[in-house]
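Per full-length UniProt numbering, the very first residue in the sequence shown carries number 1; after that it's consecutive.
Every residue gets a Cβ at the ideal spot worked out from N, C-alpha and C, and that includes glycine.
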Amino acid sequence: MKGPLFYSKILLFGEYGIIKDSKGLSIPYNFYNGALKLDGNTSESAKKSNESLKKFTEYLKNLDADLVIYDIEKLQADVDAGMYFDSSIPQGYGVGSSGALVAAIYDKYATDKITVLENLTREKLLKLKSIFSAMESFFHGKSSGLDPLNSYLSLPILINSKDNIEATGIPSQKSDGKGAVFLLDSGIVGETAPMVSIFMENMKNEGFRSMLKEQFIKHTDACVDDFLKGDIKSLFKNTKQLSKVVLNNFKPMIPQQFHDLWKKGIETNDYYLKLCGSGGGGYILGFTEDIDKAKEALKGQKLEVVYNF
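If you want it as structure tokens, here you go:
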């Protein structure tokens with residue numbers, strides 16, 4: 001048995017903001033993927049994945065049956081027979097490793113599943129999102145359900161607010177474009193749960209709350225609109241502002257050794273950095289109007305281009 005492939009994702013805009021109803025834009029990233037396998041593999045990583053699937057199966061047994069029903073017997077039998085999730089998606093990097101696993105399990109074992117081929121009304125999307133949120137909470141403590149949704153549908157998703165999401169199209173890439181979105185490898189594994197709890201702690205502070213609303217969410221929403229409209233000039237203006245707000249207010253989420261590089265980008269305009277997922281490690285997202293300039297300025301860093309303007 002080898003299941004279909006499920007891809008990683010990148011949340012271009014909306015990290016943390018979507019917890020408080022900002023807009024968000026998430027795109028599939030096909031460079032990494034994972035699939036369920038049952039092929040007798042006894043490597044350490046397959047064993048570890050199988051152990052994790054055993055715990056996940058126990059968790060799924062107690063999920064609300066009104067929400068989703070699984071063929072638990074089939075799942076249990078496959079897990080007992082050594083099934084594992086074979087994935088190239090790095091864990092703790094903000095590109096949705098648990099999301100792809102959740103999507104794969106739902107796809108294979110949900111008994112009355114909503115499929116990608118049917119007419120995806122807003123109700124169906126929200127239902128999928130709440131199923132995935134309940135499933136992925138096993139890994140993160142609290143999940144929005146967006147990562148698995150993106151992985152499952154393999155479509156860009158526009159988050160207008162908590163109760164308003166839609167599949168969307170994004171402007172097609174210019175393969176020879178100088179402008180780019182890129183990933184910067186921090187070389188450190190990030191942990192989602194501690195970062196989210198720092199954020200929630202900060203939310204108790206009124207100053208932080210008003211910064212979030214008046215600056216962070218304002219610029220995030222503008223970035224999403226600019227990106228979808230293809231208004232590159234305005235996009236970079238707003239991304240610069242967003243990068244500043246994050247540097248000033250989300251320091252714990254930025255690995256220490258990247259504080260100076262972050263600042264340098266804002267000062268030189270060669271590139272602007274932002275969080276990719278919850279931060280604390282993993283990937284950092286970069287935006288640049290000139291990829292050659294950015295590569296020169298970030299010499300010695302591991303850089304992957306994900307989208308060209």
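Item: Which partner residues of GLU166 appear in the DSSP bridge assignment?; Value: LEU158
Item: Taking the alpha-carbon of ALA104 as reference, which of ASN33, ALA294, ASN269, ALA81 has the nearest alpha-carbon?; Value: ASN33
Item: Going straight from the alpha carbon of PHE236 to that of THR220, what length do you get?; Value: 12 angstroms
Item: How about SER49 and SER87: do their beta carbons lie closer than 9 angstroms?; Value: yes
Item: Report all residues from its chain with a CB closer than 6 angstroms to the CB of LEU128; omit the five preceding and five following residues, and keep chain order.; Value: ILE114, LEU149
Item: Output the distance between the C-alpha atoms of GLY96 and GLY145, rounded to the nearest integer angstrom.; Value: 11 angstroms
Item: I'd like to confirm the pairing. Which residues does DSSP put opposite PRO28 in its beta bridges?; Value: LYS9
Item: Can you pull the DSSP bridge partners for TYR307?; Value: VAL181
Item: Between which two residues does the alpha helix (DSSP H) harbouring ILE131 extend?; Value: 122 to 140
Item: State the Cα-Cα distance for the pair SER133 and LYS244, rounded to the nearest angstrom.; Value: 31 angstroms
Item: Just the Cα atoms here: how many angstroms apart are ILE198 and LEU275?; Value: 15 angstroms
Item: Taking only three categories from DSSP, how would you classify GLY99?; Value: helix
Item: Count Cβ pairs between the region 176 to 196 and the region 45 to 65 that sit closer than 8 angstroms; are there 3 or more?; Value: no
Item: Start and end of the beta strand (DSSP E) containing ASP86?; Value: 84 to 87
Item: In three-state terms, what does DSSP make of TYR283?; Value: strand
Item: Looking at ALA110 and VAL68, is the spacing between their C-beta atoms short of 9 angstroms?; Value: yes
Item: Classify PRO4: buried if its beta carbon has 16 or more other beta carbons within 10 angstroms, exposed otherwise.; Value: exposed
Item: Taking the alpha helix (DSSP H) that LEU273 falls in, what are its first and last residues?; Value: From DSSP, LEU273 is part of no alpha helix (DSSP H) but of the beta strand (DSSP E) over 272 to 275.
Item: Alpha carbon to alpha carbon, what distance is there between THR192 and ILE131?; Value: 20 angstroms
Item: Could you tell me whether the region 167 to 174 touches the region 247 to 267, where touching means 3 or more Cβ pairs closer than 8 angstroms?; Value: no
Item: Less than 9 angstroms between the beta carbons of ILE89 and VAL306, yes or no?; Value: no
Item: Would you kindly check if the distance between the Cβ of PHE13 and the Cβ of VAL189 is under 9 angstroms?; Value: no
Item: Looking only at DSSP bridge pairs, what is GLY145 linked to?; Value: Paired residue(s): none; GLY145 is not in a bridge.
Item: Secondary structure at GLY190, three-state DSSP: helix, strand or coil?; Value: coil
Item: Across which residues does DSSP place residue 312 in a beta bridge pair?; Value: This structure does not reach residue 312, given that the chain is present from 1 up to 309, and the question cannot be answered.
Item: Excluding the 5 residues flanking ASN202 on each side, which residues of the same chain have their C-beta closer than 6 angstroms to its C-beta?; Value: PHE208
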